[in-house]
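Student:
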Amino acid sequence: MTKVALLVELKAKLGKERELATFLTAQQSMAAVEPGMLAWFLVRLDAQTFALFDVFNEDADRQAHLSGSMAAALMPRADELLASPPQIRHADVLADLL
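Residues in the sequence shown are numbered from 159 upward in steps of one, following this note's numbering.
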């Protein structure tokens, strides 16, 4: 069973919604090979708001992800694409069906 997760909410700048969606979707290939990541989801909550949900077995993997290649790819473009800083929430997984 997975033990920990991240829920990251990202709000696009007006007019940058499509560009952010394309950028985030392209990160799927990075997620697929990231050590310790068990599942990765990208969802759209409304026209401007996206969320990433990542699950891991260990907190060390979750912490490594926060400074990994996906974060490194987003941060240089954050001012261009995001209306506000990413809202990152750490979560404990109580049950799963993976």
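In this text, a Cβ means the ideal position worked out from N, Cα and C, and glycines have one as well.
Please read all numbers here as calculations on a predicted model, not as lab measurements.
#1: Quick one: grab the DSSP three-state call for V251.
#2: Which value, in whole angstroms, describes the spacing of the CA atoms of T160 and D250?
#3: Determine the DSSP secondary structure at D259, reduced to helix, strand or coil.
#4: Measuring only the C-alpha atoms, how far is R176 from D212?
#5: What are the boundary residues of the beta strand (DSSP E) that includes E175?
#6: Determine the closest residue to A163 out of A190, A218 and P243, with distance taken between C-alpha atoms.
#7: For the alpha helix (DSSP H) containing D204, list its first residue and its last residue.
#8: Does the distance from the CB of V166 to the CB of Q245 come in under 8 Å?
Tutor: In short:
#1: The sequence position of residue 251 within the sequence shown is 93, counting from 1. Three-state DSSP puts V251 in coil, outside helix and strand.
#2: What you label residue 160 is simply residue 2 of the sequence shown in a count that begins at 1. What you label residue 250 is simply residue 92 of the sequence shown in a count that begins at 1. So the two alpha carbons sit approximately 9 Å from each other.
#3: Any answer about residue 259 is impossible in this case: the structure gives the chain only from 159 up to 256.
#4: In the sequence shown, counting from the first residue as 1, residue 176 sits at position 18. In the sequence shown, counting from the first residue as 1, residue 212 sits at position 54. Whole-angstrom Cα-Cα distance: 22 Å.
#5: Within the sequence shown, residue 175 is the residue found at index 17, counting from 1. Run containing E175: none in the beta strand (DSSP E); it sits in the alpha helix (DSSP H), E175 to A184.
#6: Stepping through the sequence shown from its first residue, residue 163 is reached at position 5. Closest option to A163, Cα to Cα, is A218.
#7: The residue labelled residue 204 in the question sits at position 46 within the sequence shown. Per DSSP, D204 belongs to no alpha helix (DSSP H) and is neither H nor E.
#8: Translated into the one-based positions of the sequence shown, residue 166 becomes position 8. Translated into the one-based positions of the sequence shown, residue 245 becomes position 87. Yes; because the gap between Cβ atoms is below 8 Å, this pair is in contact.
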